[in-house]
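K.L.:
Dropping a structure here in structure tokens format, bear with me for questions.
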Amino acid sequence: MANLGVAAIILAAGKGTRMKSELHKVLHPIGNKPMVLHLTDQLEQLGAEKQVMVVGAGREQVERAVSGAEFVVQEPQLGTGHAVMMAKDALKGFSGTILILYGDVPLVPQSVLTAMIEARSADDAPSLVVLGFKPLDTGAYGRLVTAEDGSLERIVEFKDASEIERAINFCNSGIMAVDGSKLFDYLDATDNDNAASEYYLTDIVAIARAAGDRVVTVEASEADVMGVNSRAELAVAENIFQNRARAAAMAAGATLIDPLTVYFSTDTVLGHDVVVEPNVYFGPGVKVGNAVRINAFSHIQEAKIADDCQIGPFARLRPGADLHEGAKVGNFCEVKKATIEAGAKVNHLSYIGDATVGAKANIGAGTITCNYDGFNKYQTTIGAGAFIGSNTALVAPVTVGAGAIVGAGSVVTKDVDADALALTRSKHKELSGWAKRFRDTNKK
Ligand code: UD1
Ligand code: MG
Numbered sequence: 447m448a449n450l451g452v453a454a455i456i457l458a459a460g461k462g463t464r465m466k467s468e469l470h471k472v473l474h475p476i477g478n479k480p481m482v483l484h485l486t487d488q489l490e491q492l493g494a495e496k497q498v499m500v501v502g503a504g505r506e507q508v509e510r511a512v513s514g515a516e517f518v519v520q521e522p523q524l525g526t527g528h529a530v531m532m533a534k535d536a537l538k539g540f541s542g543t544i545l546i547l548y549g550d551v552p553l554v555p556q557s558v559l560t561a562m563i564e565a566r567s568a569d570d571a572p573s574l575v576v577l578g579f580k581p582l583d584t585g586a587y588g589r590l591v592t593a594e595d596g597s598l599e600r601i602v603e604f605k606d607a608s609e610i611e612r613a614i615n616f617c618n619s620g621i622m623a624v625d626g627s628k629l630f631d632y633l634d635a636t637d638n639d640n641a642a643s644e645y646y647l648t649d650i651v652a653i654a655r656a657a658g659d660r661v662v663t664v665e666a667s668e669a670d671v672m673g674v675n676s677r678a679e680l681a682v683a684e685n686i687f688q689n690r691a692r693a694a695a696m697a698a699g700a701t702l703i704d705p706l707t708v709y710f711s712t713d714t715v716l717g718h719d720v721v722v723e724p725n726v727y728f729g730p731g732v733k734v735g736n737a738v739r740i741n742a743f744s745h746i747q748e749a750k751i752a753d754d755c756q757i758g759p760f761a762r763l764r765p766g767a768d769l770h771e772g773a774k775v776g777n778f779c780e781v782k783k784a785t786i787e788a789g790a791k792v793n794h795l796s797y798i799g800d801a802t803v804g805a806k807a808n809i810g811a812g813t814i815t816c817n818y819d820g821f822n823k824y825q826t827t828i829g830a831g832a833f834i835g836s837n838t839a840l841v842a843p844v845t846v847g848a849g850a851i852v853g854a855g856s857v858v859t860k861d862v863d864a865d866a867l868a869l870t871r872s873k874h875k876e877l878s879g880w881a882k883r884f885r886d887t888n889k890k
């Protein structure tokens with residue numbers, strides 16, 4: 447059955463009122479990526495032929511943020527069954543497996559989706575697979591009523607359930623894998639004769655059974671199917687994502703000394719033998735090579751860090767930081783849109799922006815590239831092996847040649863030749879005994 451292909455319907459028509467946000471609920475980020483893109487990425491990796499997204503209020507935002515899906519509008523919103531029905535034309539003639547997913551249930555792992563698709567191709571060929579879970583608090587979830595043989599008989603919504611049914615702890619996540627040649631026929635048979643006066647997607651279980659089709663369940667963990675309806679649940683989802691990312695980083699060969707204090711983005715890449723000290727934040731777009739040490743309290747985003755580099759403690763790598771092999775960016779340094787070539791060191795209290803620092807150059811403490819005049823940004827180029835003395839201001843655009851030395855406290859406004867010494871500070875002047883005389887005169 448699986449070889450007939452996979453398509454998906456993602457429901458995202460709900461208003462998400464409880465988020466109290468101008469941003470559509472499914473676009474709130476988890477791991478710095480809009481939550482619904484966690485799903486669409488999974489589906490792409492799974493090789494889904496088609497993704498149909500059911501949208502309603504705020505759909506312009508969703509349509510702008512999601513590429514690779516076809517959008518259908520559900521207006522008004524008459525229930526989950528009605529929502530899925532909106533995808534009928536978009537999936538006309540598709541007879542593979544249709545996954546039904548929810549834009550606000552973004553963390554369902556690939557392995558779970560695969561298990562559902564595989565369940566459909568089992569010998570008993572179920573036409574419908576429902577993803578169930580056993581939450582700590584069963585709350586108002588729909589309950590899965592199973593038959594003697596372990597198959598699924600029907601789903602009863604909490605509002606419609608009897609006391610006995612409410613005592614069932616196997617709950618409906620809402621996620622399903624359905625035979626595409628049957629799904630819309632099942633939905634045609636639903637009505638809204640229930641406590642909520644809605645068209646329930648869940649009713650298709652009993653409808654499939656009545657048609658003589660088999661329905662089974664696959665079980666997931668509560669974390670895998672958690673839904674985001676509020677900021678508090680968003681924080682829970684973020685935490686689940688972070689714990690998965692931490693585990694994956696360690697499994698891939700990185701040491702996290704205190705994993706719970708390290709924060710990842712969905713696209714963070716760490717090489718092997720990377721050591722990450724406590725309290726490090728990886729924003730989007732970070733790629734770290736092998737054997738890199740990232741010391742405590744560093745904040746890194748859109749940066750490339752090659753093998754054997756050392757970062758921090760308290761380093762800030764901003765977009766466009768490109769550290770070549772063995773480079774060091776140390777305490778309280780900020781690097782933006784700058785290449786730090788192999789073995790170069792920016793170790794203390796410096797700002798390096800719009801710059802190239804040549805291989806093995808040494809940037810002294812408190813060096814600042816003055817890259818901005820309030821209107822435009824200018825480039826600083828520092829040659830290989832150059833030595834910039836402490837507390838130097840490099841007023842861009844400016845070039846310091848390879849092997850040059852700039853004396854401490856200089857304000858460099860002109861290019862410095864290779865191997866030259868540049869000193870711009872005022873001459874050292876000393877008045878012998880002046881301080882003592884000053885004190886004596888002022889003493890009463
Ligand atoms: C649904 C299930 C319930 C399950 C629970 C899991 C039904 C009838 N019930 O209940 O068994 O335990 O999810 O969280 O399916 N949506 C639309 N259009 C609509 C209605 C809903 O797009 O007309 C979307 C919502 O945006 C949301 C999702 O479908 O993402 C679920 O809707 P919701 O109203 O939360 O369903 P529940 O009542 O929680
Ligand atoms: Mg709900």
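In the working numbering, the protein residues as written are 447 to 890. Quick reminder that beta carbons are idealized off the backbone N, C-alpha and C, glycines included. Every value quoted in this text rests on a predicted model; they were computed, and no experiment measured them.
1. To the nearest angstrom, how far is the alpha carbon of A568 from that of V575?
2. Hey, which residues come within less than 7 Å of the ligand MG, measuring from Cβ to any heavy atom, in chain order?
3. Over what stretch of residues does the beta strand (DSSP E) that includes D625 continue unbroken?
4. Pull up the distance between the alpha-carbon of E771 and that of I614, whole angstroms please.
5. Would you check if the stretch 628-642 and the stretch 595-614 touch, i.e. whether three or more CB-CB distances between them fall below 8 Å?
6. Just the C-alpha distance for A681 and V841, rounded to the nearest angstrom, thanks.
7. If you measure between the beta carbons of V452 and I621, is that distance less than 8 Å?
8. Under 8 Å, do H484 and P552 count as touching if we go by C-beta distance?
9. Only counting the same chain, and skipping five residues up and downstream in sequence, which positions put a Cβ closer than 6 Å to that of T785?
10. Return the chain-ordered list of same chain residues with a C-beta closer than 7 Å to the C-beta of G588, the five sequence neighbours on each side being excluded.
11. Which complete beta strand (DSSP E) runs does the stretch 827-862 hold, if anything under 3 residues is left out?
12. Would you decide whether F884 is buried or exposed? Buried here means 16 or more other CB atoms lie within 10 Å of its CB.
13. Please find out if some non-hydrogen atom of the ligand UD1 comes closer than 7 Å to the beta-carbon of V721.
14. I need the DSSP call for M465, collapsed to helix, strand or coil.
15. To the nearest angstrom, how far is it from the Cα of S796 to the Cα of I809?
16. So, is I703 buried or exposed, given that buried needs 16 or more other C-beta atoms within 10 angstroms?
17. Just checking my contact of D754 with V738 at CB under 8 Å: how many whole Å lie between their CB atoms?
18. Would the stretch 834-853 count as touching the stretch 862-876 if we require 3 or more Cβ pairs under 8 Å?
19. Roughly how many whole angstroms lie between the Cα atoms of V662 and T592?
20. So which of A742, Q488 and Q747 has the shortest CA-CA distance to V558?
21. Pull up the DSSP beta-bridge partners for I814, would you.
22. Measuring straight from C-alpha to C-alpha, what distance separates V857 and G717?
23. Give the DSSP-derived three-state secondary structure of I455 in the structure shown.
24. For V518, which residues from the same chain have a beta carbon less than 7 Å from its beta carbon, with the 5 sequence-adjacent residues on both sides left out?
25. Inspect the CB distances between the stretch 718-737 and the stretch 687-707 and report whether three or more fall short of 8 Å.
26. Rounded to whole angstroms, what's the CA-CA distance from A697 to R690? Just pull it up for me.
27. Within the present structure, is the beta-carbon of S619 separated from the nearest heavy atom of the ligand UD1 by less than 7 Å?
28. Would you call the CB atoms of T526 and L457 closer than 8 Å?
29. Three-state secondary structure (DSSP) at E665?
30. By Cβ distance below 6 Å, which residues in the same chain neighbour V732 in space, the five residues on each side in sequence not counted?
P.N.:
So, from the data block:
1. Taking the sequence shown and counting its residues from 1, one reaches residue 568 at position 122. Taking the sequence shown and counting its residues from 1, one reaches residue 575 at position 129. Separation of A568 and V575 (C-alpha to C-alpha, rounded to the nearest whole angstrom) is 11 Å.
2. Residues flagged by the Cβ proximity filter: G673 and N675.
3. Numbered from 1 along the sequence shown, position 179 holds the residue referred to as residue 625. Per DSSP, D625 belongs to the beta strand (DSSP E) from C617 to D625.
4. For the purposes of this step, residue 771 is identified with residue 325 of the sequence shown, where counting begins at 1. For the purposes of this step, residue 614 is identified with residue 168 of the sequence shown, where counting begins at 1. Straight across, the Cα-Cα distance linking E771 with I614 is about 58 Å.
5. yes
6. Within the sequence shown, the letter at position 235 stands for residue 681. Within the sequence shown, the letter at position 395 stands for residue 841. Approximately 44 Å, taken between the alpha carbons.
7. Here residue 452 is taken as the residue at index 6 of the sequence shown, counted from 1. Here residue 621 is taken as the residue at index 175 of the sequence shown, counted from 1. For V452 and I621, no; Cβs fall outside 8 Å.
8. For the purposes of this step, residue 484 is taken as residue 38 along the sequence shown, with counting starting at 1. For the purposes of this step, residue 552 is taken as residue 106 along the sequence shown, with counting starting at 1. Result yes, Cβ atoms of H484 and P552 sit closer than 8 Å.
9. As a first step, residue 785 must be located in the sequence shown, where it is residue number 339. Same-chain partners within the cutoff: D768 and T802.
10. The residue labelled residue 588 in the question sits at position 142 within the sequence shown. These residues qualify, in order along the chain: I601, V602, E603, F604, C617, N618 and T648.
11. 839-841 and 844-846
12. Counting from 1 along the sequence shown, the entry for residue 884 is found at position 438. F884 comes out exposed.
13. Position 275 of the sequence shown, counted from the start, is the residue given in the question as residue 721. No.
14. For the purposes of this step, residue 465 is identified with residue 19 of the sequence shown, where counting begins at 1. Helix.
15. Within the sequence shown, numbered from 1, the residue matching residue 796 stands at position 350. Within the sequence shown, numbered from 1, the residue matching residue 809 stands at position 363. The alpha-carbon atoms of S796 and I809 are separated by roughly 8 Å.
16. The residue given as residue 703 occupies position 257 in the sequence shown. That one is exposed.
17. One-based indexing of the sequence shown puts residue 754 at position 308. One-based indexing of the sequence shown puts residue 738 at position 292. Yes, they are in contact, since the Cβ atoms of D754 and V738 sit about 7 Å apart, within 8 Å.
18. yes
19. On the sequence shown, position 216 is the one that residue 662 refers to. On the sequence shown, position 146 is the one that residue 592 refers to. A direct Cα-to-Cα measurement between V662 and T592 gives close to 9 Å.
20. Here residue 558 is taken as the residue at index 112 of the sequence shown, counted from 1. That would be Q488, whose Cα lies nearest to the Cα of V558.
21. Within the sequence shown, numbered from 1, the residue matching residue 814 stands at position 368. Answer is Y797 and A839, bridged to I814.
22. By one-based count along the sequence shown, residue 857 stands at place 411. By one-based count along the sequence shown, residue 717 stands at place 271. Between V857 and G717, the C-alpha separation is close to 39 Å.
23. Locating residue 455 in the sequence shown gives position 9, counting from the first residue. If DSSP states are grouped into helix, strand and coil, I455 belongs with the strands.
24. To locate residue 518, count along the sequence shown from 1; it is residue 72. Short of 7 Å from the beta carbon of V518, and not among the five residues preceding or following it, lie these beta carbons of its own chain, in chain order: V498, V500, M532, A533 and A536.
25. yes
26. Taking the first residue of the sequence shown as position 1, residue 697 is located at position 251. Taking the first residue of the sequence shown as position 1, residue 690 is located at position 244. Cα to Cα, A697 sits roughly 10 Å from R690.
27. As a working note, residue 619 is residue 173 in the sequence shown. Yes, Cβ of S619 sits closer than 7 Å to a heavy atom of the ligand UD1.
28. Walking along the sequence shown from the start, residue 526 turns up at place 80. Walking along the sequence shown from the start, residue 457 turns up at place 11. The answer is yes: Cβ separation under 8 Å.
29. Counting from 1 along the sequence shown, the entry for residue 665 is found at position 219. Note: E665 maps to strand in three-state DSSP.
30. Counted from its first residue, the sequence shown places residue 732 at position 286. Only T714, I746 and A749 meet the Cβ criterion.
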